[in-house]
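Letter 56 of the sequence shown, counting from 1, is numbered 55 in numbering that gives the first Met the number 0, and no numbers are missing.
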Amino acid sequence: MKNRARVMIAAVVVILGGVVFSAFGQAKIEGATKEAAGLAIARAVVGTGVENSEPVGAAEKFPASTEKVYCFIEATHIPKDMDVTFVWSLGGKEQFKIALPLKMGPRWRTYALKNLHGLKGDWKVEIKDADGKLLKEVSFKVE
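What follows is the structure in structure tokens.
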């Protein structure tokens, strides 16, 4: 009788241990999946153009003669159709902003362009989600 009770207790411990382990393992997997499913900006560059859906002339410094620049982004893990906002600033002062759509899916590329009008200095483009959360920023200089 004692052996039978020991076997039953051991079985209960193994089963409960498996359930607890399984619950912790599942939580970890779900957390990793949710994290991987979140919107991310895989690439963000400023260049002199976009050709065949890819940036060209990417640089961190541009001559004052540059008429316009393009901020190109590649977003990944887009959970739903949404907008992102490109906020262009010169010397810490906002110059221009525009919201552009991202479509739900594993990858979406888009870009915004800015006419520089000969404005020299330190520029920054912030890419923000609909709640205003900063997703990525790119800095460049016009000399």
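All C-beta atoms in this analysis are idealised placements derived from N, C-alpha and C, irrespective of residue type, glycine included.
Alpha carbon to alpha carbon, how far is residue j from residue i? Give it in angstroms, no decimals.
{"i": "Ala84", "j": "Ala43", "result": "Residue identity check: residue 84 is Thr in the sequence provided, not Ala. Each residue's Cα considered, the two are about 13 angstroms apart."}
{"i": "Met103", "j": "Ala129", "result": "14 angstroms"}
{"i": "Gly143", "j": "Glu142", "result": "Because the chain is modelled from 0 through 142, residue 143 falls outside the range shown and cannot be assessed."}
{"i": "Gly90", "j": "Val124", "result": "11 angstroms"}
{"i": "Asp82", "j": "Thr109", "result": "11 angstroms"}
{"i": "Val45", "j": "Val55", "result": "9 angstroms"}
{"i": "Thr145", "j": "Pro78", "result": "For residue 145 there is no data in the structure shown, the boundaries of the chain being 0 and 142."}
{"i": "Asn51", "j": "His76", "result": "22 angstroms"}
{"i": "Lys60", "j": "Ala98", "result": "25 angstroms"}
{"i": "Ala57", "j": "Gly131", "result": "26 angstroms"}
{"i": "Glu136", "j": "Thr65", "result": "21 angstroms"}
{"i": "Gln94", "j": "Pro62", "result": "19 angstroms"}
{"i": "Lys96", "j": "Ser88", "result": "9 angstroms"}
Less than 8 angstroms separating the beta-carbons of residue i and residue j?
{"i": "Leu112", "j": "Tyr69", "result": "yes"}
{"i": "Asp80", "j": "Pro105", "result": "no"}
{"i": "Lys140", "j": "Leu133", "result": "no"}
{"i": "Phe71", "j": "Val86", "result": "no"}
{"i": "Ala74", "j": "Trp122", "result": "no"}
In the DSSP assignment, what residue or residues form a beta bridge with residue i?
{"i": "Gly48", "result": "Val55"}
{"i": "Glu136", "result": "Glu125"}
{"i": "Ala43", "result": "Ile72"}
Looking only at its chain, what residues have a beta carbon closer than 6 angstroms to the beta carbon of residue i, apart from the 5 residues adjacent to it on each side?
{"i": "Ala41", "result": "Glu73 and Thr75"}
{"i": "Ser138", "result": "Lys123"}
Within the same chain, show all residues whose beta-carbon is closer than 8 angstroms to that of residue i, passing over the 5 residues directly before and after it, in chain order.
{"i": "Gly37", "result": "His76 and Pro78"}
Just checking: is the beta-carbon of residue i within a distance shorter than 8 angstroms of some beta-carbon in chain C?
{"i": "Phe139", "result": "Judged by its chain identifiers, the structure shown contains no chain C, having just a single protein chain."}
Leaving out five residues on either side along the sequence, give the residues of the same chain with a beta carbon under 7 angstroms from the beta carbon of residue i.
{"i": "Ala67", "result": "At residue 67 the sequence reads Lys, which differs from the Ala that was named. The answer, listed in chain order, is Leu112, Lys113, Asn114 and Leu115."}
{"i": "Gly117", "result": "Ala63"}
field: Whole runs of the beta strand (DSSP E) within the region 59-126, excluding any shorter than 3 residues
entry: Here the runs fully enclosed are 67-77, 81-89, 92-101 and 104-114.
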